[in-house]
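Shown next, in structure tokens, is the structure this report addresses.
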Amino acid sequence: MGDVLLEVSGLGKKYARNLRKSLRYGMHDVVSEALGRRHGEVLREDEFWALRDVSFSLRRGECLAVLGGNGAGKSTLLKLLSGILAPDTGSIRREGRLEKMIELMAGMAPSLTGRENIQLRARLLGLGKEEAARRMDEVIDFAELDAHIDMPVMFYSSGMKARLGFAATVVMSPDILLIDEVLAVGDLGFRMKCYERVDEMRRSSAVVLVTHGMNHVSRMASSGLVLDKGRPLLLGSPQEAIARYQELTGTRGPAKDISFHPERVEFSMQRGGQALEGEPVVIRHGEAVALAGRHQGDGPMRLSVVLHEANGPTVAEWHSARAGFSVAPGDTFQLETGPLELCPGFYQWVVVGLGADGSQQFLSRPLRFKVEGEFHGSTRMQPTGRWHSARAGGVPAAATVASFPPVHG
Numbered sequence: 144m145g146d147v148l149l150e151v152s153g154l155g156k157k158y159a160r161n162l163r164k165s166l167r168y169g170m171h172d173v174v175s176e177a178l179g180r181r182h183g184e185v186l187r188e189d190e191f192w193a194l195r196d197v198s199f200s201l202r203r204g205e206c207l208a209v210l211g212g213n214g215a216g217k218s219t220l221l222k223l224l225s226g227i228l229a230p231d232t233g234s235i236r237r238e239g240r241l242e243k244m245i246e247l248m249a250g251m252a253p254s255l256t257g258r259e260n261i262q263l264r265a266r267l268l269g270l271g272k273e274e275a276a277r278r279m280d281e282v283i284d285f286a287e288l289d290a291h292i293d294m295p296v297m298f299y300s301s302g303m304k305a306r307l308g309f310a311a312t313v314v315m316s317p318d319i320l321l322i323d324e325v326l327a328v329g330d331l332g333f334r335m336k337c338y339e340r341v342d343e344m345r346r347s348s349a350v351v352l353v354t355h356g357m358n359h360v361s362r363m364a365s366s367g368l369v370l371d372k373g374r375p376l377l378l379g380s381p382q383e384a385i386a387r388y389q390e391l392t393g394t395r396g397p398a399k400d401i402s403f404h405p406e407r408v409e410f411s412m413q414r415g416g417q418a419l420e421g422e423p424v425v426i427r428h429g430e431a432v433a434l435a436g437r438h439q440g441d442g443p444m445r446l447s448v449v450l451h452e453a454n455g456p457t458v459a460e461w462h463s464a465r466a467g468f469s470v471a472p473g474d475t476f477q478l479e480t481g482p483l484e485l486c487p488g489f490y491q492w493v494v495v496g497l498g499a500d501g502s503q504q505f506l507s508r509p510l511r512f513k514v515e516g517e518f519h520g521s522t523r524m525q526p527t528g529r530w531h532s533a534r535a536g537g538v539p540a541a542a543t544v545a546s547f548p549p550v551h552g
């Protein structure tokens, strides 16, 4: 690995809940700093720690994923790293040029053209005239805005603005890059180009990535930091961070309830005809289960069984229309899922009832469960297959390697 580009030691930041006290404390702190006095360790009335005792270092070519729920301190950490806020305790040492992908259009003037905004960004970064001109062409090409680059940014669509902001950041090749949930920019083709560019930058930069997407963590990160209520819970491998984060979010409070007429369906998770018990139910990676229930609403329904990450995005769906059947009031139903080849973590089921016209008639309450296992991939679903190998020249290998999971029962 390369040189250490970002070193954080004992970092802490506190806020006041009362605006008037926040202003008074701020003025007092400015005067104290000017006099060489610092009393950052002491909490004054109505103050609380937004971030406390965070330490890590990043070398060139490393990426740290920062995970945590709402209010964990992720945004405060990024603002401290970027210099927007000053720490109350601890220190930050940066080497080289820093860029942040937090608000892509931050610092851009709406009345200036796209070209003028790129020139302004280059000047702020201290680029020479020749390098700025070269970067200009790269930004325009990457953002795919050739026909609109001399138009004022105020007339850009939101997608065009995001593409310009992203391109102007990544093309400048910073030594330290801070990313906050802004990788999904533009259409699919442009998003893939964004991922490829960030992958390239990881080899020559130190990257701090704040995300709720576990696939981004698995794909990009070399280490992970889990925050909770401003304090570090874990600093370790990406897999360890994912497991700790999902344990934290999967067990805190009830599953998000967005149910609609939930009394119209009841269901349970079963194995071998027996309902699985536990809060949450626990299964192993690759285990096959069944969902069994009863339709208690009015009229015939088609059913959609949807699998989500706990309080997160959809992973998979099983729709009864594919099998060509519906259920009448009072009917029981059962779905055999086949092997659930899911990465370890917390998930939840919901059952949706659809009328003949496709309208939603009910949405069940979520049923939460936990998957245990050792393998963490870059996506939540990890379908199995059978691998074969052959030596150079087409000579069959001595053995075939199968990746089907063991049967658990």
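Anchor point for the sequence shown: position 40 equals 183 in my numbering, and the numbering is continuous, going up by one each time.
Even glycine gets a Cβ: it sits at the ideal position worked out from N, Cα and C.
With alanine 166 and glycine 367 assumed to form a contact (beta carbons below 8 angstroms), what rounded beta-carbon distance in angstroms separates them? The sequence position of residue 166 within the sequence shown is 23, counting from 1. The sequence position of residue 367 within the sequence shown is 224, counting from 1. It should be noted that the sequence gives leucine, not alanine, for residue 166. About 37 angstroms separates the two Cβ atoms, so there is no contact after all.
Runs of beta strand (DSSP E) wholly within the region 278-337 (minimum 3 residues, chain order): Under the rule that a run must span 3 or more residues, the beta strand (DSSP E) segments found entirely inside the region 278-337 read 319-323.
Restricting to Cα atoms, I'd like to know which of Val173, Gly212, Thr354 is closest to alanine 364. Position 221 of the sequence shown, counted from the start, is the residue given in the question as residue 364. Ranked by Cα distance from alanine 364, the options Val173, Gly212, Thr354 are led by Thr354.
Using DSSP bridges, identify the partner residues of glycine 155. As a first step, residue 155 is located in the sequence shown; it is residue number 12 there, counting from the start. Per DSSP, the beta-bridge partners of glycine 155 are Thr232.
DSSP on proline 375, reduced to helix/strand/coil? The residue labelled residue 375 in the question sits at position 232 within the sequence shown. If DSSP states are grouped into helix, strand and coil, proline 375 belongs with the strands.
Could you tell me the alpha carbon to alpha carbon distance between tryptophan 192 and leucine 376, rounded to whole angstroms? In the sequence shown, the residue the question calls residue 192 occupies position 49. In the sequence shown, the residue the question calls residue 376 occupies position 233. Computed Cα separation, rounded: 15 angstroms.
Cut-off 8 angstroms between Cβ atoms - residues of its own chain near lysine 336, not counting five sequence neighbours on either side: Your numbering for residue 336 matches position 193 in the sequence shown. Only Phe285 meet the Cβ criterion.
Can you give, in chain order, each stretch of the beta strand (DSSP E) that sits fully within the region 383-434 and has at least 3 residues? Every unbroken stretch of the beta strand (DSSP E) spanning 3 or more residues and falling wholly within the region 383-434 is given here in chain order: 408-414, 424-427.
Would leucine 223 and lysine 157 be called neighbours here (beta carbons separated by less than 8 angstroms)? As a working note, residue 223 is residue 80 in the sequence shown. As a working note, residue 157 is residue 14 in the sequence shown. Cβ atoms of leucine 223 and lysine 157: not closer than 8 angstroms.
For valine 449, the residue or residues it bridges with in DSSP: Taking the first residue of the sequence shown as position 1, residue 449 is located at position 306. Valine 449 is bridged by DSSP to Glu460, Val493.
Helix, strand or coil at proline 509 according to DSSP, with G and I counted as helix: By one-based count along the sequence shown, residue 509 stands at place 366. In the structure shown, proline 509 sits in coil (DSSP, three-state: anything other than H, G, I, E or B).
What residues in its chain sit with their C-beta under 6 angstroms from that of alanine 398, if we drop five residues either side in the sequence? Here the question's residue 398 lines up with position 255 in the sequence shown. Annotation note: pLDDT 49 at alanine 398 (below 50); position unreliable, coordinate value reported separately. Counting only Cβ-Cβ distances below 6 angstroms, and skipping sequence neighbours, we find Gln491, Pro509, Arg511.
Measure the C-alpha to C-alpha separation of glycine 467 and glycine 429 and round it to an integer number of angstroms. The residue labelled residue 467 in the question sits at position 324 within the sequence shown. The residue labelled residue 429 in the question sits at position 286 within the sequence shown. Cα to Cα, glycine 467 sits roughly 27 angstroms from glycine 429.
Return helix, strand or coil for glycine 367, following the three-state DSSP convention. Counted from its first residue, the sequence shown places residue 367 at position 224. Three-state DSSP puts glycine 367 in a strand.
Quick one: using the 10 Å Cβ neighbour count with 16 as the cut-off for buried, is glutamine 477 buried or exposed? For this step, residue 477 is matched to residue 334 along the sequence shown. It is exposed - the Cβ of glutamine 477 has fewer than 16 other Cβ atoms within 10 Å.
Leucine 221, enclosing alpha helix (DSSP H) - first and last residue: Here residue 221 refers to the residue found at position 78 when the sequence shown is read from its first residue. 217-225 is the span of the alpha helix (DSSP H), which, as asked, contains leucine 221.
Exposure of isoleucine 227, with buried meaning 16 or more beta-carbon neighbours within 10 Å: Here the question's residue 227 lines up with position 84 in the sequence shown. Isoleucine 227 counts as exposed, since fewer than 16 other C-beta atoms from the protein chains shown sit within 10 angstroms of its C-beta.
Kindly identify the DSSP beta-bridge partner or partners of serine 200. Taking the sequence shown and counting its residues from 1, one reaches residue 200 at position 57. Here serine 200 is bridged, per DSSP, to Glu150.
Sheet register partners of lysine 243 (DSSP bridge): To locate residue 243, count along the sequence shown from 1; it is residue 100. For lysine 243, DSSP records a beta bridge to Leu321.
Going straight from the alpha carbon of threonine 312 to that of glycine 356, what length do you get? What you label residue 312 is simply residue 169 of the sequence shown in a count that begins at 1. What you label residue 356 is simply residue 213 of the sequence shown in a count that begins at 1. Cα-Cα distance, rounded: 21 angstroms.
What first and last residue would you give for the beta strand (DSSP E) that runs through glutamine 477? As a first step, residue 477 must be located in the sequence shown, where it is residue number 334. It spans 475-483 - the beta strand (DSSP E) in which glutamine 477 sits, taken as one unbroken run.
Within its chain, find whatever has a CB closer than 6 angstroms to the CB of serine 301; leave out the 5 residues flanking it on each side and keep chain order. The residue labelled residue 301 in the question sits at position 158 within the sequence shown. For serine 301, where only same-chain residues beyond five positions count, there are no Cβ hits under 6 angstroms.
Which same chain residues, not among the five before or five after arginine 203, have their C-beta less than 8 angstroms away from its C-beta? Against the sequence shown, residue 203 aligns to sequence position 60. Excluding sequence neighbours, arginine 203 sits near Met144, Gly145, Asp146, Leu148, Asp318, Ser347, Ser348, Ala349.
Backbone CA spacing between lysine 372 and glutamate 390 [nearest angstrom]: Looking up residue 372 in the sequence shown gives position 229. Looking up residue 390 in the sequence shown gives position 247. Approximately 15 angstroms between the Cα atoms of the pair.
Figure out for me which residue from Asp280, Val351, Leu307 has the closest Cα to the Cα of leucine 201. For the purposes of this step, residue 201 is taken as residue 58 along the sequence shown, with counting starting at 1. Ranking the options by Cα distance to leucine 201, first place goes to Val351.
Own chain, CB closer than 8 angstroms to glutamate 484, minus 5 neighbours either side, in chain order: Along the sequence shown, one-based indexing puts residue 484 at 341. The residues are His428, Gly429, Met524, Gln525, Pro526, Thr527, Pro548.
Under the three-state DSSP convention, the category glycine 169 falls into: On the sequence shown, position 26 is the one that residue 169 refers to. Secondary structure of glycine 169 (DSSP, three-state): helix.
Put methionine 357 into one of helix, strand or coil per three-state DSSP. To locate residue 357, count along the sequence shown from 1; it is residue 214. In this structure, methionine 357 counts as helix in the three-state DSSP scheme.
For the candidate residues Glu383, Pro381, Leu241, whose alpha-carbon lies nearest to that of aspartate 314? In the sequence shown, residue 314 corresponds to position 171, counting from 1. Before going on, a small fix: residue 314 reads as valine here, not aspartate. Comparing Cα-Cα distances from valine 314 to each of Glu383, Pro381, Leu241, the minimum goes to Leu241.
Give the single residue among Leu446, His438, Arg374, Ser316 whose Cα lies nearest to the Cα of glycine 212. Walking along the sequence shown from the start, residue 212 turns up at place 69. Ranking the options by Cα distance to glycine 212, first place goes to Arg374.
Bridge partner(s) assigned by DSSP for glycine 488: Within the sequence shown, residue 488 is the residue found at index 345, counting from 1. Listed as beta-bridge partners of glycine 488 by DSSP are Val514.
Could you check if serine 554 is buried or exposed, using at least 16 other CB atoms within 10 Å of its CB as the buried criterion? The structure shown has nothing for residue 554, since the chain only spans 144 to 552.
To the nearest angstrom, report how far apart glycine 216 and valine 341 are at their CA atoms. The count along the sequence shown starts at 1 and reaches residue 216 at position 73. The count along the sequence shown starts at 1 and reaches residue 341 at position 198. Roughly 24 angstroms between the two C-alpha positions.
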